[in-house]
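Please read the structure below before turning to the comments.
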Amino acid sequence: MFDLAAEMTRRRDENIALFGAHVNPRLTKVLQLIGFAKTYVRAEGAYLYDAEGKDYLDLLAGYGVFGVGRNHPAVVRTLRQYLDLDIASMVQLDAPLLAGMLAEKLLALAPGTLENVFLTNSGTESVETALKFARAAAGRRKVIYADKDFHGLTLGALSVNGNRDFRDGFEPLLPDTVPVPFGDAAALEAQLAAGDVAAVILEPIQGKTVHVPPEGYLADVARLCRAHGAIFILDEVMTGLGRTGKLFCAEWENVEPDIVIVSKALSGGFVPVGAVLFRRWIYDKVFSSLERCVVHSNTFGRGGMAMACGLTVLDILREERLPENALAMGQAIMDGVRDLQRSNPMIKDVRGRGLMIAIELQPPRGLWGRLQGALMDKLSPGLLAQSFVVPLMSDHRILTQVGGHAADVIRLLPPLMIGRKEVDRFLGAFAAVLEAAKKFPGPIWEIGSRLAGHAIKGR
Ligand SMILES: Cc1ncc(COP(=O)(O)O)c(C=O)c1O
Numbered sequence: 196m197f198d199l200a201a202e203m204t205r206r207r208d209e210n211i212a213l214f215g216a217h218v219n220p221r222l223t224k225v226l227q228l229i230g231f232a233k234t235y236v237r238a239e240g241a242y243l244y245d246a247e248g249k250d251y252l253d254l255l256a257g258y259g260v261f262g263v264g265r266n267h268p269a270v271v272r273t274l275r276q277y278l279d280l281d282i283a284s285m286v287q288l289d290a291p292l293l294a295g296m297l298a299e300k301l302l303a304l305a306p307g308t309l310e311n312v313f314l315t316n317s318g319t320e321s322v323e324t325a326l327k328f329a330r331a332a333a334g335r336r337k338v339i340y341a342d343k344d345f346h347g348l349t350l351g352a353l354s355v356n357g358n359r360d361f362r363d364g365f366e367p368l369l370p371d372t373v374p375v376p377f378g379d380a381a382a383l384e385a386q387l388a389a390g391d392v393a394a395v396i397l398e399p400i401q402g403k404t405v406h407v408p409p410e411g412y413l414a415d416v417a418r419l420c421r422a423h424g425a426i427f428i429l430d431e432v433m434t435g436l437g438r439t440g441k442l443f444c445a446e447w448e449n450v451e452p453d454i455v456i457v458s459k460a461l462s463g464g465f466v467p468v469g470a471v472l473f474r475r476w477i478y479d480k481v482f483s484s485l486e487r488c489v490v491h492s493n494t495f496g497r498g499g500m501a502m503a504c505g506l507t508v509l510d511i512l513r514e515e516r517l518p519e520n521a522l523a524m525g526q527a528i529m530d531g532v533r534d535l536q537r538s539n540p541m542i543k544d545v546r547g548r549g550l551m552i553a554i555e556l557q558p559p560r561g562l563w564g565r566l567q568g569a570l571m572d573k574l575s576p577g578l579l580a581q582s583f584v585v586p587l588m589s590d591h592r593i594l595t596q597v598g599g600h601a602a603d604v605i606r607l608l609p610p611l612m613i614g615r616k617e618v619d620r621f622l623g624a625f626a627a628v629l630e631a632a633k634k635f636p637g638p639i640w641e642i643g644s645r646l647a648g649h650a651i652k653g654r
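Counting with my numbering, you get residues 196 to 654 for the letters of the sequence shown.
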């Protein structure tokens, strides 16, 4: 019989070789280059552990999946209970209790008057669903999105993805998808004025580079959509479930979108799940008759384990006051980095809300700094930020990442349960890396030129 624990122990140190051979060799190479090719054997809360018991502070949280932290005991308990209950799941021609319970709870917590939920397996599937629903309900085809927005990588979601690097090689995508500048309500109004727009899809805060729109923008978008008969889809896959300091980011401006999407953190980091929350009139248009009651459907979307994780996560968020904690800890990180910024012109900008934070860097002012910076930029934009991410990991065992393409942005997406200890560990490490970056020639520039060399070879 397959013995998971024994097999994992027996093959523990083969992870890099196996992944490199059979899954994604180039990703494996990049991980090796930046010192991220590790073998983790355990995880808890905000930490990963290697076989020697060394701890790694995880400020990526699985791209935002581990809102409640890794292996949260309440989610583990739920999953154990689930297995012991021998639940009859995925009958398909049934009305699963857990799906109804999760939908009921999400709708009670969501902004505005949303009345139905479609359950999915991921963020991008949720976006596909929302786009289909909006087009069918509005009886129009055009969809407006914001440049630099990220909504996933399947074909429909990619059609409203404002990042050229992701689109290249896969076009043509869906027709009638039009980008507008993020944060510019007038530009949006100009598009809506034609009266042929089915939907506007936006991230409330752009996740890749953490761009926060001007105050009042989301409320303006909601108002303009209403005025022009367009459906407002708010993609809260990253921002939702506490990350920005409220359960839904829409709450910051009392916005009432027509469709809200959540995913990532709802999973508790265990079972993929997504949810599309929408207004009843949209339901009536899409599922318009008994014959069309499953006109949009999926096989795994209401899976019992995923539903059970979602219910547990919503409970933990409230019980542990994680949105409030995210706001306080996010502020502490941003305040700390702003303190460093006063004496460090390499920090160009610090922005974010709650635990969704970007630190934007720029080359130092001296001639050598400018030359080096320009060189790095020419060779591979984003290399300066990568030169910080590498020593944060190698010298301080902290996982961060470069946010977006061609941007010198370090993105932080910590679990929402981090405390002062984790904040201080990051701030101390970041200060040390900044200090090292002042030296030329010095370790940061060496890392930069090494990575640049590989980038050229890889072309
Ligand atoms: C805002 C947003 N929407 C959609 C997605 C796609 O989600 P998934 O990776 O689960 O398909 C992401 C993923 O990062 C996201 O950040």
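Positions of the beta carbon are idealized from the N, C-alpha and C atoms, including for glycine.
Residue burial annotation: ASN520 is buried, with at least 16 other C-beta atoms found within 10 angstroms of its C-beta. Taken from the Cβ of PHE214, every heavy atom of ligand 1 lies 8 Å or farther away.
Look at LYS652 here: in three-state DSSP terms it is helix. Around the Cβ of LYS337, a 10 Å sphere holds 16 or more other Cβ atoms; the residue is buried.
Separation of the CB atoms of ALA329 and ILE426 is rounded to 4 Å, and the pair is thereby assigned contact status at 8 Å. Residue environment: PHE365 is assigned as exposed (fewer than 16 neighbouring CB atoms within 10 Å of its CB, all protein chains considered).
Closest by C-alpha distance to GLU448, out of ARG418, GLY469 and PHE625, is ARG418. Contact annotation: VAL466 and ALA501 have beta-carbon atoms nearer than 9 Å. When the five nearest sequence neighbours on each side are left out, the beta carbons in the same chain lying within less than 6 Å of the beta carbon of ILE477 are those of PHE328 and ALA332, in order along the chain. Ligand 1 has no heavy atom closer than 8 Å to the beta-carbon of LYS327. Taking a cut-off of 8 Å on C-beta distances, the stretch 609-624 does not touch the stretch 635-652, as fewer than three cross pairs fall below it. Using a Cβ distance threshold of 9 Å, GLY259 and MET524 do not count as a contacting pair. In the DSSP assignment, PRO609 falls outside any beta strand (DSSP E), carrying neither H nor E. Here LEU629 has LEU535, ASN539 and MET541 as same chain residues with Cβ atoms under 7 Å from its own Cβ, once five neighbours each way along the sequence are excluded. With a cut-off of 8 Å, the C-beta of SER458 is classified as near ligand 1, since at least one heavy atom of the ligand falls inside that distance. CA-to-CA, the gap between GLY547 and GLY378 works out to about 15 Å. For the 9 Å CB-CB criterion, PHE495 and ASN219 do not form a contact. Cβ neighbours of SER321 within its own chain (closer than 6 Å, five residues either side excluded): THR315, ILE456, SER458, GLY469 and VAL471. Secondary structure of ASN356 (DSSP, three-state): coil.
Counted as a single uninterrupted DSSP element, the stretch harbouring PHE261 is not any beta strand (DSSP E), since DSSP gives it neither H nor E. Residue pairing by DSSP puts TYR242 in a beta bridge opposite GLU239 and LEU252.
DSSP lists ASP544 and VAL604 as the bridge partner or partners of GLU555. Excluding residues up to 5 positions away in sequence, LEU442, PHE443 and LEU509 lie with their Cβ nearer than 8 Å to the Cβ of LEU304 in the same chain. Taking the Cα positions, GLY599 is about 26 Å away from GLU446. In summary, THR308 is exposed, with fewer than 16 beta-carbon neighbours lying within 10 Å of its beta-carbon over all protein chains present.
If you check the C-beta of ALA394 against ligand 1, you find no heavy atom less than 8 Å away.
In the structure shown, ASP479 falls within a helical segment according to DSSP collapsed to helix, strand and coil. The C-beta distance from LEU512 to GLY411 rounds to 27 Å, too long to meet the 8 Å contact threshold. Take the alpha-carbon of ALA385 and the one of VAL450: they are about 21 Å apart. Taken in chain order, the complete beta strand (DSSP E) segments of 3 or more residues contained in the stretch 318-347 are 337-341.
Inclusion of VAL263 and GLU515 in the CB contact set at 9 Å is warranted, their separation being smaller than that value. Taking a C-beta distance under 9 Å as the contact criterion, THR404 and VAL604 qualify as a contact pair.
Cβ-Cβ separation between LEU252 and TYR244: approximately 11 Å, too far for a contact (criterion under 8 Å). Secondary structure at PHE313: strand, using DSSP grouped into helix, strand and coil. Sequence-distant partners of PRO586 (beyond 5 residues in either direction) whose C-beta falls short of 6 Å from its own C-beta, in its chain, are VAL628. Nearest Cα to LEU550 within the set ALA460, ASP342 and SER589: ALA460.
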